[in-house]
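J.: Below is one structure. I have some questions about it.
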Amino acid sequence: MTIAEIAKDFTERLKQGDNEGAAEKYNADDIASYEAMEGPMAVSHGKEALRQKSQWWQENNEVHGGLVEGPYVNGDQFAVRFKFDITPKATGERVTMDEVGLYTVKNGKITEERFYY
């Protein structure tokens, strides 16, 4: 598959709510994830760590709706924009989350993801 094909299928799966399926199919075993924040989840390495991070996020946020846009492909990378209406359970305050994920692909797998918000 080309990077554009990978990006399109990955993003379509996200749009359909199949985050786990997208990650399982396309994340490299040694994927690295970088969040634009401080703390224990700022950097994660490996598929299992990303699964745990995703599970934590889902358990700690109520999602009311959202939008996934893209992909926007350039070379070995593609970007996806996420806009979600959520209520973090810790605060109970409903907010709009707006972020961009930048994904790097090598040998048909996503080896790195970086989030900007």
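Residue 108 in full-length UniProt numbering sits at position 108 of the sequence shown; the count goes up by one each step and never skips.
We put the CB at the ideal spot given by N, CA and C, even for glycine.
If you compare alpha carbons, which of Glu20, Arg94 and Phe115 is closest to Asp85?
T.: If we check each option's Cα against that of Asp85, Arg94 comes out closest.
J.: In the DSSP assignment, find the unbroken beta strand (DSSP E) run with Gln16 in it and report its ends.
T.: Careful: Gln16 lies outside any beta strand (DSSP E) and carries neither H nor E.
J.: Does the beta-carbon of residue 123 have 16 or more other beta-carbons within 10 angstroms, so that it is buried, or is it exposed?
T.: Residue 123 cannot be examined here, being either before or after the span of the chain that is shown, 1 to 117.
J.: Of the residues Ala36, Lys89, Gln77 and Asn60, which one's Cα is nearest the Cα of Tyr117?
T.: Considering only alpha carbons, the answer is Ala36.
J.: Across which residues does DSSP place Gly70 in a beta bridge pair?
T.: Gly70 is not bridged to any residue.
J.: Could you give the distance in angstroms between the alpha-carbon of Met97 and the alpha-carbon of Phe78?
T.: Rounded to the nearest angstrom, the two C-alpha atoms are 20 Å apart.
J.: Mind listing, in chain order, the continuous beta strand (DSSP E) runs of no fewer than 3 residues lying wholly within the UniProt domain "SnoaL-like" (1-117)?
T.: Those beta strand (DSSP E) runs which fall completely within the UniProt domain "SnoaL-like" (1-117) and span 3+ residues are 27-34, 43-45, 61-74, 77-88, 95-106 and 109-116.
J.: Tell whether a beta-carbon distance below 8 Å holds between Asn60 and Lys89.
T.: Yes. Within cutoff.
J.: Take Gly17 as the anchor and find which of His45, Tyr103, Thr111 and Phe82 has the nearest alpha-carbon.
T.: Nearest option by C-alpha distance: Phe82.
J.: At the level of alpha carbons, what is the spacing between residue 118 and Arg13?
T.: This structure cannot settle anything about residue 118, because the visible part of the chain is limited to 1 through 117.
J.: Measuring CA to CA, which of Gly70, Thr2, Gly75 and Thr91 is closest to Glu62?
T.: Of the candidates Gly70, Thr2, Gly75 and Thr91, the one whose C-alpha sits nearest the C-alpha of Glu62 is Thr91.
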